[in-house]
Amino acid sequence: MKQILWFRRDLRIEDNAILAHAQGEVFPLFIFDQNILEKLDAKDKRVTFIYQSVLNLKKELQKIGLNLAIFYDKPEAVFQRLKEKFDEILCSIDHDNYAKVRDKNIEKIIPLKRFNDAFLIDPQEHLNKSHLPYKVFTPFYNSLFYLWESHKIKTLSPANNLQLHDFNYEHVPSLEAMGLKKQILPEFLEQKAEVLLEKFTSKLTAYQKERDFFSLDASTKLSVHLRFGLLSAKQFFNALRPYQASEAVIRQLFFREFYNYLLYHFPHSQFENQKPLKIKFLNNQEDFKKWCQGETGVPIVDAGMRHLNQTGLMHNRLRMVVSSYLTKNLLIDWRWGEAYFAKKLLDYEASSNIASWQWASSTGSDSVPYFRIFNPYLQSEKFDKEGIFIKSVLTELSQLDPKLFHKENGVQSNLFINYPSQIVSIKMSRLRAIEAFKQAKSKP
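Letter 18 of the sequence shown, counting from 1, is numbered 18 in full-length UniProt numbering, and no numbers are missing.
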């Protein structure tokens with residue numbers, strides 16, 4: 001048996017399905033996919049993170065007697081060159097549209113054996129009592145109670161007695177050769193997942209109380225590591241399960257499972273409303289541009305968007321606030337916002353992003369009611385009362401009384417501050433959105 005071990009979003013040694021199921025002669029490889037990279041900005045920080053992670057994976061594989069070939073090419077071209085030498089490809093599975101089309105094409109070249117490596121459950125096997133997929137999170141969450149009872153999920157170890165395929169493993173394409181530029185990463189992305197996990201567990205009790213506040217450092221900082229597989233979902237679960245205070249964060253992990261589950265069972269949701277609504281969006285391009293640039297005239301929305309543009313990061317609650325503002329107050333199609341987040345978020349994951357946007361826009365199977373519209377001023381007053389986060393991003397407002405941030409047109413009332421006017425009235429736009437959704441629901 002001669003196998004290609006195709007590393008994709010599983011950049012680790014421990015609890016790695018393809019390493020655990022490998023046998024005989026193996027050829028570990030990673031492909032910097034031209035189809036993807038050619039569409040990205042040359043300064044995309046995610047590629048720098050992946051590049052460094054791939055080089056680290058190469059070193060870790062060398063420690064167990066293996067290595068990693070690194071290509072910059074289109075996957076089909078790589079496997080066309082290798083097809084005569086190997087029996088099959090082992091890889092993890094992804095459910096977004098590009099991944100499914102890519103894998104279908106590769107399978108015509110060399111047989112693929114795929115493993116559910118990035119998530120806790122296999123969506124195909126997890127159904128309700130009627131043998132149908134879950135559509136609502138709460139019953140889905142309750143169905144995973146057996147994981148809580150298990151205390152620990154069994155993880156995988158690399159197989160023994162593997163023979164490394166003879167190849168020149170020394171060649172490593174540079175970022176520059178791929179048309180990209182090395183970027184300075186946030187400090188936490190320079191740390192190993194295990195270190196971040198240990199830091200988070202030490203402050204776990206504070207997570208429930210502090211996680212909604214924009215200026216507090218309460219997040220796990222592990223979403224990027226989970227996204228690219230430097231840490232497996234099982235490893236994350238096992239590390240947190242022993243702690244009584246872990247329920248809130250594991251609930252978020254199960255949301256991630258649910259969103260992947262929805263994309264698997266309802267693949268059309270990547271491009272269409274899961275609810276059959278025909279909403280008459282305004283889709284004003286100038287308004288969308290202002291939202292993207294953080295120039296809406298609403299301090300918390302602008303701070304969230306500018307912070308995203310500068311860092312690639314956004315607080316979970318802020319994602320809800322800015323997406324509600326775009327889809328309800330501005331009446332702009334959620335797909336516009338989803339596509340923008342796809343370009344900017346360091347931890348972008350198609351399933352989670354798509355489902356989150358459909359939740360906020362009331363178009364998903366288990367979404368917020370259409371009449372529930374986040375008031376950004378109430379959100380900032382509740383979760384950034386002193387304006388610490390807003391001032392840290394909108395430095396032009398650093399000398400203002402934070403009370404102004406939480407009042408409609410409060411900042412604009414100061415004539416000495418150069419700050420954008422509001423695009424829309426919150427009250428008016430809320431009523432407009434409710435009417436638009438009522439009309440959409442009443443259509444046959």
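Don't be surprised by glycine CBs; every beta carbon is placed ideally from N, CA and C.
query	result
Coil, strand or helix - Y419 by DSSP	coil
Counted within 10 angstroms of its Cβ, other Cβ atoms place D44 as buried (16 or more) or exposed	buried
Whether D366 touches F137 by CB criterion (8 angstroms)	yes
W148 classed as buried or exposed, judged by whether at least 16 other C-beta atoms fall within 10 angstroms	exposed
Assumed close pair N309, K344 - CB separation to whole angstroms, cut-off 8 angstroms	6 angstroms
Counterpart residues of E25 in DSSP-defined beta bridges	K2 and Q163
Sequence-distant residues of the same chain with beta carbon closer than 8 angstroms to A355, five excluded per side	F258, Y259, L262, L263, S269 and G364
Option in S351, A245 and A17 with minimal Cα separation from A206	A245
Contact under 8 angstroms by Cβ, F167 with I18	no
Cα-Cα separation between L220 and E84, rounded to whole angstroms	Per the sequence presented here, residue 220 reads as Thr, with Leu not at that position. Taking the straight line from one Cα to the other gives about 45 angstroms.
Q235 versus A193 - alpha carbon distance	10 angstroms
Beta-carbon spacing of I121, F79 below 8 angstroms	no
Cutoff 7 angstroms; reference F281; Cβ partners in own chain excluding five residues on either side	L331, I332 and D333
Limits of the unbroken beta strand (DSSP E) element including Y72	A69 to D73
L378 - DSSP class collapsed to helix/strand/coil	helix
Distance, Y325 Cα to S413 Cα	22 angstroms
Among V26, H21 and N16, nearest to I4 - alpha-carbon criterion	V26
Enclosing alpha helix (DSSP H) for L112 [first to last residue]	Note, L112: premise wrong, no alpha helix (DSSP H); beta strand (DSSP E) at L112 to F115.
Those residues which DSSP pairs with residue 476 across a bridge	Outside the shown range of the chain, which is 1 to 444, sits residue 476, and nothing can be said about it.
Contact set for P139: own chain, Cβ-Cβ below 8 angstroms, skip 5 residues either direction	N128
C-alpha gap between F30 and E349, whole angstroms	19 angstroms
Length of the line joining the Cα atoms of D302 and D10	35 angstroms
Sub-8 angstroms separation of K391 and S398 beta-carbons	yes
Burial state of F271 (16 or more Cβ within 10 Å)	exposed
Cα-Cα separation between K59 and Q208, rounded to whole angstroms	37 angstroms
Whole-angstrom distance between T48 and Q183, CA atom to CA atom	6 angstroms
Every unbroken alpha helix (DSSP H) within the region 286–366, with a cutoff of 4 residues, ordered by chain	299–311, 316–324, 334–344 and 350–360
Pairwise C-alpha distance: N67 and D117	20 angstroms
Own chain residues within Cβ distance below 7 angstroms of A20, not counting five before or after	L156, S157, P158 and A159
Nearest residue (CA-CA) to residue 450, options T311, I250 and K278	The chain is shown only over 1 to 444; residue 450 falls outside these bounds and no answer can be derived.
Assumed close pair L394, P299 - CB separation to whole angstroms, cut-off 8 angstroms	6 angstroms
Straight-line gap, L40 to P276 (C-alpha atoms, nearest Å)	32 angstroms
Distance cut-off 7 angstroms: F255 Cβ against heavy atoms of the ligand ATP	For the ligand ATP, the structure offers nothing, since it holds no ligand at all.
Rounded distance between the beta-carbons of L90 and A42, thought under 8 angstroms	At roughly 32 angstroms, the Cβ-Cβ gap does not stay under 8 angstroms, so A42 and L90 are not in contact.
Coil, strand or helix - F271 by DSSP	coil
Residue environment, E176, which counts as buried when at least 16 other CB atoms sit within 10 Å	exposed
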